[in-house]
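S.K.:
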Amino acid sequence: MASLKGKTLFISGGSRGIGLAIALRAARDGANVAIAAKTAEPHPKLQGTIYTAADEVRAAGGNALPILCDIRDEAQVIAAIDKTVGEFGGLDICVNNASAISLTNSQNTDMKRFDLMMGINTRGTFMVSKYCIPHLKKAENPHILMLSPPLDMKPKWFEHSTAYTLAKFGMSMCVLGLSGEQKRAGIAVNALWPRTTIATAAVGNLLGGDAMMRASRTPEIMGDAAYEIFLKPSREFTGQFCIDDKVLYEAGVTDFERYRVDPSVPLMSDFFVPDDDVPPPGVSVRTLPSVDAAKAKG
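Adding 156 to a residue's 1-based position in the sequence shown gives its number in this note's numbering.
#1: Are there 16 or more other CB atoms within 10 angstroms of the CB of Ser420, so buried, or fewer, so exposed?
#2: Cα-Cα, which of Tyr207, Ile206 and Leu165 is closest to Leu301?
#3: Please determine, among Ser171, Lys312 and Thr356, the residue with the shortest C-alpha to C-alpha distance to Leu225.
#4: So does the stretch 308 to 321 actually touch the stretch 260 to 279, counting three or more Cβ pairs closer than 8 angstroms?
#5: If you scan the stretch 359 to 408 from start to end, which runs of the alpha helix (DSSP H) of 4 or more residues do you find wholly inside it?
#6: Take Val429 and list the residues in its own chain whose beta-carbon comes closer than 6 angstroms to its own, dropping the five residues that flank it on each side.
#7: With a cut-off of 8 angstroms on the beta carbons, I'd call Asn346 and Val359 a contact; round off their distance for me.
#8: Any idea if Gly379 is buried or exposed, counting beta-carbon neighbours within 10 angstroms, 16 or more meaning buried?
#9: Which residues does DSSP list as the beta-bridge partners of Leu221?
#10: How about Thr374 and Tyr405: are their beta carbons less than 8 angstroms apart?
#11: Extract the residue ranges of the alpha helix (DSSP H) inside the stretch 291 to 355, only unbroken runs of 4 or more that lie entirely within it.
#12: Below 8 angstroms between beta carbons: does that hold for Phe397 and Ser328?
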């Protein structure tokens, strides 16, 4: 495939950040985008709603369908997917972007927050994928993409935030399972993760404020990387755990400077990037400090 024109994407948590960046990149080709998220009214700390995101998608050249949806609710998920298929006549791509985060150890993670992360990240990803699959089986080049990390089973990823890591790795385990399950049907199931921190509300509010934002890349790098994955033949590219700049480098991108928030500040590595993962030539990142150190710097 050379374009996403006329293709339909269902994106959970697509009202801002990485989800919105993926939506806008697809919209530039003339894609149809269903934005399924919980934010219908403006939030003081979180920019964007499903309606403002839909306006941006239309302005970028795509068709948009804003849907108020809590992906923990089975009936809402089924209704949202059915509404998308009814509006656009089918479904080509499912993007599991919605995620909850709490960078807390066991004693500082209350069970309500634990359940929220497991409910959105792991269970929500499984459920959205489950109900998209019957429609994706009818598509020409169907893809499911999880915004989740490589399964690098090192204690350092667990010891400061066991609950969050369990929830994110749960998304990645869905990649392992569903890619095998759906291989014969020709549905690609892959994961995408950023090498560096990305300038989103989560980074700004939870991981170090303005200093960490300036050491980050913009969400557009994830939008561009996801786009390259969606263009790949679904029967040939599945079960992969992709890193954003590596995907783009393999697609011919050599200049990553345009994605930097502040070129004068060294880039910061994101959580979960394996130590042995080699960045593209010319890319240099600093090791992310511990959660406690990152908060102290902010």
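For each residue, glycine too, the CB sits at the ideal point set by N, CA and C.
M.R.: In brief:
#1: Here residue 420 is taken as the residue at index 264 of the sequence shown, counted from 1. Ser420 should be labelled exposed.
#2: In the sequence shown, counting from the first residue as 1, residue 301 sits at position 145. Comparing Cα positions, the closest option is Leu165.
#3: As a first step, residue 225 is located in the sequence shown; it is residue number 69 there, counting from the start. Note that residue 225 corresponds to Cys in the displayed sequence, not to Leu. For Cys225, the nearest C-alpha among the options comes from Ser171.
#4: The stretch 308 to 321, when compared against the stretch 260 to 279, does touch it at the 8 angstroms Cβ threshold.
#5: Qualifying alpha helix (DSSP H) stretches, in chain order: 365 to 370, 376 to 387 and 400 to 406.
#6: Stepping through the sequence shown from its first residue, residue 429 is reached at position 273. Excluding residues up to 5 positions away in sequence, Arg351 lie with their Cβ nearer than 6 angstroms to the Cβ of Val429 in the same chain.
#7: Numbered from its first residue, the sequence shown carries residue 346 at position 190. Numbered from its first residue, the sequence shown carries residue 359 at position 203. Contact doesn't hold; Cβ gap of about 23 angstroms is too wide.
#8: Within the sequence shown, numbered from 1, the residue matching residue 379 stands at position 223. It is buried - the Cβ of Gly379 has at least 16 other Cβ atoms within 10 Å.
#9: Your numbering for residue 221 matches position 65 in the sequence shown. For Leu221, the beta-bridge partners assigned by DSSP are Ala190.
#10: On the sequence shown, position 218 is the one that residue 374 refers to. On the sequence shown, position 249 is the one that residue 405 refers to. No. Outside cutoff.
#11: Taking 4 residues as the minimum length, the alpha helix (DSSP H) runs contained wholly in the stretch 291 to 355 are 311 to 314 and 318 to 337, in order along the chain.
#12: Position 241 of the sequence shown, counting from 1, holds the residue named residue 397. Position 172 of the sequence shown, counting from 1, holds the residue named residue 328. With a cutoff of 8 angstroms on beta-carbon distance, Phe397 and Ser328 are scored as near each other.
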